[in-house]
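Residue numbers (our numbering): 15 to 166.
Below you can see the structure in the form of C-alpha coordinates.
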(Lines of atoms letter the chains of each structure in order from A and count residues from 1; the text may use other names and numbers.)
(Lines give C-alpha, C1' and ligand atoms only; values in the text may rest on other atoms or scores of the structure.)
Protein backbone atom coordinates (compact mmCIF):
# COMPACT_ATOMS: atom_id res chain seq x y z
CA UNK A 1 0.00 0.00 0.00
CA UNK A 2 1.19 3.52 -0.68
CA UNK A 3 -0.02 7.10 -0.43
CA UNK A 4 -0.68 9.27 -3.48
CA UNK A 5 -0.78 13.07 -3.44
CA UNK A 6 -2.01 14.98 -6.45
CA UNK A 7 -2.33 18.71 -6.96
CA UNK A 8 -4.71 19.62 -9.74
CA UNK A 9 -7.24 22.19 -10.92
CA UNK A 10 -10.60 21.87 -9.14
CA UNK A 11 -12.29 21.13 -12.49
CA UNK A 12 -10.04 18.07 -12.95
CA UNK A 13 -10.62 16.53 -9.52
CA UNK A 14 -13.25 14.00 -10.60
CA UNK A 15 -11.35 12.98 -13.72
CA UNK A 16 -8.08 12.52 -11.80
CA UNK A 17 -9.82 10.53 -9.05
CA UNK A 18 -11.53 8.29 -11.61
CA UNK A 19 -8.26 7.67 -13.47
CA UNK A 20 -6.49 6.71 -10.26
CA UNK A 21 -9.39 4.40 -9.37
CA UNK A 22 -9.10 2.73 -12.77
CA UNK A 23 -5.38 2.17 -12.30
CA UNK A 24 -5.16 1.30 -8.59
CA UNK A 25 -7.35 -0.04 -5.85
CA UNK A 26 -7.88 3.17 -3.89
CA UNK A 27 -9.21 4.20 -0.52
CA UNK A 28 -11.26 7.28 0.28
CA UNK A 29 -10.04 10.53 -1.27
CA UNK A 30 -9.17 13.33 1.13
CA UNK A 31 -9.47 16.69 -0.60
CA UNK A 32 -8.07 20.05 0.51
CA UNK A 33 -7.55 23.42 -1.16
CA UNK A 34 -3.96 24.52 -1.77
CA UNK A 35 -2.62 27.46 0.21
CA UNK A 36 -3.27 29.85 -2.64
CA UNK A 37 -6.81 28.46 -3.00
CA UNK A 38 -6.47 28.01 -6.75
CA UNK A 39 -5.96 24.24 -6.89
CA UNK A 40 -6.96 21.10 -5.01
CA UNK A 41 -4.73 18.67 -3.10
CA UNK A 42 -5.93 15.07 -3.24
CA UNK A 43 -4.60 12.42 -0.86
CA UNK A 44 -5.49 8.75 -1.10
CA UNK A 45 -4.09 5.35 -0.24
CA UNK A 46 -3.66 2.89 -3.06
CA UNK A 47 -2.68 -0.68 -3.82
CA UNK A 48 -1.58 -2.21 -7.07
CA UNK A 49 -4.27 -4.25 -8.81
CA UNK A 50 -2.16 -7.37 -8.99
CA UNK A 51 -4.49 -9.36 -6.75
CA UNK A 52 -6.80 -11.96 -8.24
CA UNK A 53 -10.23 -12.06 -6.65
CA UNK A 54 -11.95 -15.40 -7.21
CA UNK A 55 -15.68 -15.69 -7.65
CA UNK A 56 -17.58 -17.47 -4.87
CA UNK A 57 -17.95 -20.49 -7.16
CA UNK A 58 -14.18 -20.65 -7.69
CA UNK A 59 -13.32 -20.07 -4.04
CA UNK A 60 -15.72 -22.63 -2.62
CA UNK A 61 -15.56 -25.29 -5.36
CA UNK A 62 -13.56 -27.68 -3.17
CA UNK A 63 -15.04 -26.62 0.17
CA UNK A 64 -16.61 -29.12 2.55
CA UNK A 65 -20.37 -28.90 3.00
CA UNK A 66 -21.79 -25.99 4.96
CA UNK A 67 -23.09 -28.41 7.61
CA UNK A 68 -19.61 -29.90 8.00
CA UNK A 69 -18.11 -26.42 8.40
CA UNK A 70 -20.75 -25.42 10.96
CA UNK A 71 -19.80 -28.51 12.96
CA UNK A 72 -16.07 -27.82 12.70
CA UNK A 73 -16.46 -24.14 13.63
CA UNK A 74 -18.74 -24.85 16.61
CA UNK A 75 -16.54 -27.71 17.81
CA UNK A 76 -13.34 -25.68 17.54
CA UNK A 77 -14.87 -22.76 19.44
CA UNK A 78 -16.30 -25.06 22.14
CA UNK A 79 -13.05 -27.02 22.58
CA UNK A 80 -10.83 -23.96 22.80
CA UNK A 81 -8.76 -24.05 25.97
CA UNK A 82 -9.50 -21.21 28.36
CA UNK A 83 -7.20 -18.24 27.76
CA UNK A 84 -6.08 -19.46 24.35
CA UNK A 85 -6.91 -17.60 21.16
CA UNK A 86 -8.53 -19.07 18.13
CA UNK A 87 -6.03 -19.23 15.29
CA UNK A 88 -6.13 -17.99 11.74
CA UNK A 89 -7.67 -21.21 10.40
CA UNK A 90 -10.70 -20.73 12.67
CA UNK A 91 -11.28 -17.12 11.56
CA UNK A 92 -10.76 -18.02 7.90
CA UNK A 93 -13.16 -20.96 7.99
CA UNK A 94 -15.75 -19.03 10.02
CA UNK A 95 -15.62 -16.04 7.64
CA UNK A 96 -15.90 -18.36 4.62
CA UNK A 97 -18.80 -20.22 6.23
CA UNK A 98 -20.71 -17.00 6.90
CA UNK A 99 -19.96 -15.79 3.37
CA UNK A 100 -21.36 -19.01 1.92
CA UNK A 101 -24.48 -18.75 4.09
CA UNK A 102 -24.99 -15.12 3.02
CA UNK A 103 -24.64 -16.09 -0.64
CA UNK A 104 -27.22 -18.86 -0.33
CA UNK A 105 -29.97 -17.19 1.70
CA UNK A 106 -33.30 -16.73 -0.03
CA UNK A 107 -35.13 -14.15 2.07
CA UNK A 108 -34.05 -10.50 1.79
CA UNK A 109 -33.94 -9.88 5.54
CA UNK A 110 -31.96 -13.01 6.32
CA UNK A 111 -29.59 -12.31 3.39
CA UNK A 112 -28.92 -8.79 4.72
CA UNK A 113 -28.24 -10.04 8.26
CA UNK A 114 -26.04 -12.85 7.00
CA UNK A 115 -24.14 -10.47 4.72
CA UNK A 116 -23.47 -8.12 7.65
CA UNK A 117 -22.20 -11.01 9.80
CA UNK A 118 -20.06 -12.27 6.91
CA UNK A 119 -18.50 -8.83 6.48
CA UNK A 120 -17.75 -8.51 10.21
CA UNK A 121 -16.11 -11.95 10.21
CA UNK A 122 -14.14 -11.05 7.07
CA UNK A 123 -12.83 -7.89 8.71
CA UNK A 124 -11.81 -9.97 11.73
CA UNK A 125 -9.78 -12.22 9.43
CA UNK A 126 -8.18 -9.19 7.78
CA UNK A 127 -7.25 -7.88 11.24
CA UNK A 128 -5.81 -11.29 12.16
CA UNK A 129 -3.77 -11.29 8.96
CA UNK A 130 -2.83 -7.63 9.41
CA UNK A 131 -3.92 -7.27 5.77
CA UNK A 132 -3.09 -3.97 4.14
CA UNK A 133 -5.03 -4.54 0.92
CA UNK A 134 -7.94 -2.28 0.11
CA UNK A 135 -10.77 -4.48 -1.09
CA UNK A 136 -14.15 -5.91 -0.27
CA UNK A 137 -13.50 -7.93 2.92
CA UNK A 138 -15.56 -10.85 1.63
CA UNK A 139 -13.50 -10.94 -1.58
CA UNK A 140 -10.40 -11.18 0.62
CA UNK A 141 -11.92 -14.16 2.45
CA UNK A 142 -12.66 -15.92 -0.84
CA UNK A 143 -9.12 -15.36 -2.07
CA UNK A 144 -7.54 -16.58 1.15
CA UNK A 145 -9.91 -19.56 1.47
CA UNK A 146 -9.21 -20.70 -2.09
CA UNK A 147 -5.46 -20.49 -1.41
CA UNK A 148 -5.83 -22.33 1.90
CA UNK A 149 -7.85 -25.16 0.33
CA UNK A 150 -5.25 -25.62 -2.41
CA UNK A 151 -2.43 -25.79 0.17
CA UNK A 152 -4.25 -28.28 2.40
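Beta carbons: idealized from backbone N, C-alpha and C, even for Gly.
Where the beta strand (DSSP E) containing residue i begins and where it ends
| i | result |
| --- | --- |
| residue 16 | 16 to 22 |
As assigned by DSSP and simplified to three states, the class of residue i
| i | result |
| --- | --- |
| residue 48 | coil |
| residue 146 | coil |
Contacting residues, own chain, Cβ-Cβ under 7 angstroms from residue i (five flanking each side not counted)
| i | result |
| --- | --- |
| residue 145 | 154 |
Contacts around residue i, its chain only, beta-carbon distance under 8 angstroms, and the 5 residues preceding and following it disregarded
| i | result |
| --- | --- |
| residue 77 | 83, 110, 114, 159 and 163 |
| residue 27 | 45, 54 and 56 |
| residue 70 | 113, 114, 117 and 156 |
Span of the alpha helix (DSSP H), counted from its first residue to its last, around residue i
| i | result |
| --- | --- |
| residue 36 | 27 to 37 |
| residue 166 | Unbroken run through residue 166: none, as it is neither H nor E. |
Neighbour-count burial assignment, residue i, 16 or more Cβ in a 10 Å radius
| i | result |
| --- | --- |
| residue 74 | buried |
| residue 98 | exposed |
| residue 140 | buried |
Cutoff 6 angstroms; reference residue i; Cβ partners in own chain excluding five residues on either side
| i | result |
| --- | --- |
| residue 134 | none |
Item to complete: Counting only runs of 3+ residues fully inside the stretch 53 to 131, write out the beta strand (DSSP E) ranges in chain order.
Response: 54 to 61
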